[in-house]
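Asks:
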Amino acid sequence: MAAKKPAKKPNVSKDELMGYYREMLMIRRFEEKAGQLYGMGLIGGFCHLYIGQEAVVVGLEATTKDGDKRITSYRDHGHMLACGMDPKGIMAELTGREGGFSKGKGGSMHMFSKEKHFYGGHGIVAAQVPLGAGLAFSDKYRGNDNVTFAYFGDGAANQGQVYETYNMAELWALPVVFVIENNQYAMGTSVQRSTKSPSLWERGAAYGIEGEEVDGMDVLAVKAAGEKAVAHCRAGKGPYILEVNTYRYRGHSMSDPAKYRTREEVQKMRDERDPIEQVRDILITGNHASEDDLKAIDKEIKAIVNEAAEFSKTSPEPALEELWTDIYAEVEA
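With the numbering used here, the residue at position 233 of the sequence shown is 252, and numbering never jumps.
#1: Going straight from the alpha carbon of Phe371 to that of Glu183, what length do you get?
#2: Tell me Val195's beta-bridge partners as DSSP assigns them.
#3: What ranges does the alpha helix (DSSP H) occupy inside the region 192-244, keeping only unbroken runs of at least 4 residues that lie completely in it?
#4: Assign Phe330 to one of three DSSP states: helix, strand, or coil.
#5: For Ser157, does the three-state DSSP call read helix, strand or coil?
#6: So the candidates are Gly172, Ser127 and Asp158; which of them puts its Cα closest to the Cα of Val148?
#7: Under three-state DSSP, which class holds Lys88?
#8: Any idea if Met59 is buried or exposed, counting beta-carbon neighbours within 10 angstroms, 16 or more meaning buried?
#9: Between Glu80, Ala74 and Met110, which has its C-alpha nearest Cys66's C-alpha?
#10: What would DSSP say about Leu261, mapped onto helix, strand or coil?
#11: DSSP on Phe120, reduced to helix/strand/coil?
#12: Would Lys122 pass as a contact of Pro335 if the rule is Cβ separation under 7 Å?
#13: Taking 7 Å as the cut-off, decide whether the C-beta atoms of Arg94 and Tyr69 are in contact.
#14: Please classify Pro276: is it buried, with 16 or more other beta-carbons within 10 angstroms of its beta-carbon, or exposed?
#15: Exposed or buried, Trp343, counting other C-beta atoms within 10 Å across all chains shown (16 or more means buried)?
#16: Starting from Phe137, follow its DSSP beta bridges and name the residues at the other end.
#17: Distance check for Ala53 and Ile62, CA to CA, integer angstroms please.
#18: Just to confirm the assignment, what range does the alpha helix (DSSP H) spanning Phe65 have?
#19: Let me know the secondary structure DSSP gives Gly71 once reduced to three states.
#20: Which same chain residues end up closer than 7 Å to Asp311 when comparing Cβ atoms and leaving out the 5 residues on each side of it in sequence?
#21: Report, in whole angstroms, the separation of the C-beta atoms of Tyr297 and Asp237, which I expect to be a contact under 8 Å.
#22: Identify which residue in Ser32, Lys278 and Ala169 has its Cα closest to the Cα of Asp87.
#23: Could you pull the start and end residues of the alpha helix (DSSP H) that Pro294 belongs to?
#24: Ordered along the chain, which non-local residues of its own chain (more than five positions away) have a Cβ less than 6 Å from that of Val181?
#25: Can you pull the DSSP bridge partners for Gly172?
#26: Which residues bound the alpha helix (DSSP H) around Lys382?
#27: Quick one: using the 10 Å Cβ neighbour count with 16 as the cut-off for buried, is Met206 buried or exposed?
#28: Taking the beta carbon of Tyr347 as the centre, do at least 16 other beta carbons fall within 10 Å, making it buried, or is it exposed?
#29: Measuring only the C-alpha atoms, how far is Thr91 from Met128?
#30: Contact check, Thr114 vs Lys247 under 8 Å by CB: the rounded distance?
#31: Under a three-way DSSP split, which group does Thr184 fall into?
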């Protein structure tokens with residue numbers, strides 16, 4: 020299946036640009052603080068940071084409406100922030116406290132928000148993909164035009180359950196956008212070493228699923244592609260695949276020294292392709308904002324993140340009785 024012509028970048032207002040800048044910077048500063056807390060021993064277990072990939076989720080969230088759903092993998096803090104979940108509740112969950120979204124029992128990989136239609140954080144590679152199709156099926160069944168975004172990585176793209184899901188989603192014309200966050204490394208294995216496919220989205224052609232590849236370091240390009248995908252799904256045309264080429268600056272997780280790539284490779288990406296700096300340049304060169312304006316935003320965001328960190332330290336640990344809650348769903352006969 021030939022790639023569709025890339026969507027033309029939308030004309031965006033100053034307020035939209037400022038909003039994207041702020042949201043991406045919030046994710047960056049939050050993740051930097053989470054890394055610090057992990058180093059201090061305040062966050063236990065696994066912790067996978069989203070630094071470098073901010074444009075993906077910010078661009079796609081800009082295309083959503085109330086009722087749309089999202090589900091993702093263990094690299095999930097950015098998705099939570101982008102859909103409007105409270106930074107304090109997220110950070111408290113990371114530190115295993117009662118004030119967290121899963122009452123301190125889910126940690127980094129397993130928190131949820133019914134209010135924001137965020138259905139996890141999932142630790143099993145690719146497990147969220149069939150679950151995402153299930154969420155989309157619920158909307159198809161109800162007859163509304165909501166869309167589900169099912170995010171997964173280039174490593175997960177090699178899992179068999181992804182293709183079983185593709186088949187079912189196309190067969191039933193489910194309103195799901197499969198978002199492949201191709202950050203070039205599945206744990207420590209580069210995508211060039213793990214697949215002979217020239218692209219990952221084109222694998223959907225075997226099931227008749229349309230899609231495209233998009234520059235995931237450019238928030239405006241992501242938004243434009245996201246608008247096409249969402250329109251496709253809302254029109255009842257079935258699923259759509261977006262392969263969003265992005266890059267993570269940190270290792271796979273906080274325990275990964277990332278020795279499988281050079282410092283020069285990472286620095287080159289930071290210097291030439293950073294998603295936040297690209298929007299910053301547009302704001303400055305277009306006279307939409309001054310250096311002082313952007314410094315003020317950064318200062319405000321740092322204060323919000325520091326407040327979240329303090330809340331995460333002072334919120335009490337969950338009571339022992341919490342071990343027995345949220346295990347079974349209570350339903351009326």
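Beta carbons are placed, not taken as given, at the ideal position from N, Cα and C, and that holds for glycine.
Replies: Concretely, from the data shown:
#1: Lying outside 20 to 352, the shown extent of the chain, residue 371 is not represented and no answer is given.
#2: In DSSP, Val195 forms a bridge with Thr167.
#3: Correct list: 210-213.
#4: Secondary structure of Phe330 (DSSP, three-state): helix.
#5: Note: Ser157 maps to helix in three-state DSSP.
#6: Closest option to Val148, judged by alpha-carbon separation, among Gly172, Ser127 and Asp158: Gly172.
#7: When DSSP states are grouped into helix, strand and coil, Lys88 belongs to the strand group.
#8: With fewer than 16 Cβ atoms within 10 Å of its Cβ, Met59 is classed as exposed.
#9: Among Glu80, Ala74 and Met110, the Cα nearest to that of Cys66 is on Met110.
#10: For Leu261, the three-state secondary structure derived from DSSP is strand.
#11: Per DSSP, reduced to three states, the secondary structure at Phe120 is coil, with no helix or strand assignment.
#12: No, the Cβ-Cβ distance between Lys122 and Pro335 is not below 7 Å.
#13: Against a cut-off of 7 Å, the Cβ pair of Tyr69 and Arg94 comes out as a contact.
#14: Pro276 is classed as exposed because its beta carbon has fewer than 16 other beta carbons within 10 Å across all chains shown.
#15: Trp343 should be labelled exposed.
#16: Bridge partners of Phe137: Arg89 and Ser132.
#17: Our two residues, Ile62 and Ala53, have alpha carbons roughly 8 Å apart in a direct line.
#18: Note, Phe65: premise wrong, no alpha helix (DSSP H); not H, not E.
#19: Look at Gly71 here: in three-state DSSP terms it is coil, with no helix or strand label.
#20: Excluding sequence neighbours, Asp311 sits near nothing in its chain.
#21: Note on residue identity: the sequence assigns Gln, not Tyr, to residue 297. 6 Å between Cβ atoms; contact.
#22: Of the candidates Ser32, Lys278 and Ala169, the one whose C-alpha sits nearest the C-alpha of Asp87 is Ala169.
#23: Its alpha helix (DSSP H) spans residues Pro294 to Thr304.
#24: The beta carbon of Val181 sits closer than 6 Å to the beta carbons of Ala145 and Val148 from its chain, once the five residues preceding and following it are set aside; these are given in chain order.
#25: DSSP lists Glu200 as partners of Gly172.
#26: Past the edges of the chain, shown from 20 to 352, lies residue 382, and the structure says nothing about it.
#27: Burial call: exposed.
#28: The residue is exposed, with fewer than 16 neighbouring Cβ atoms inside 10 Å.
#29: Rounded to the nearest whole angstrom, the CA to CA distance from Thr91 to Met128 is 10 Å.
#30: Not confirmed; about 39 Å, so no contact.
#31: Here Thr184 sits in helix by DSSP.
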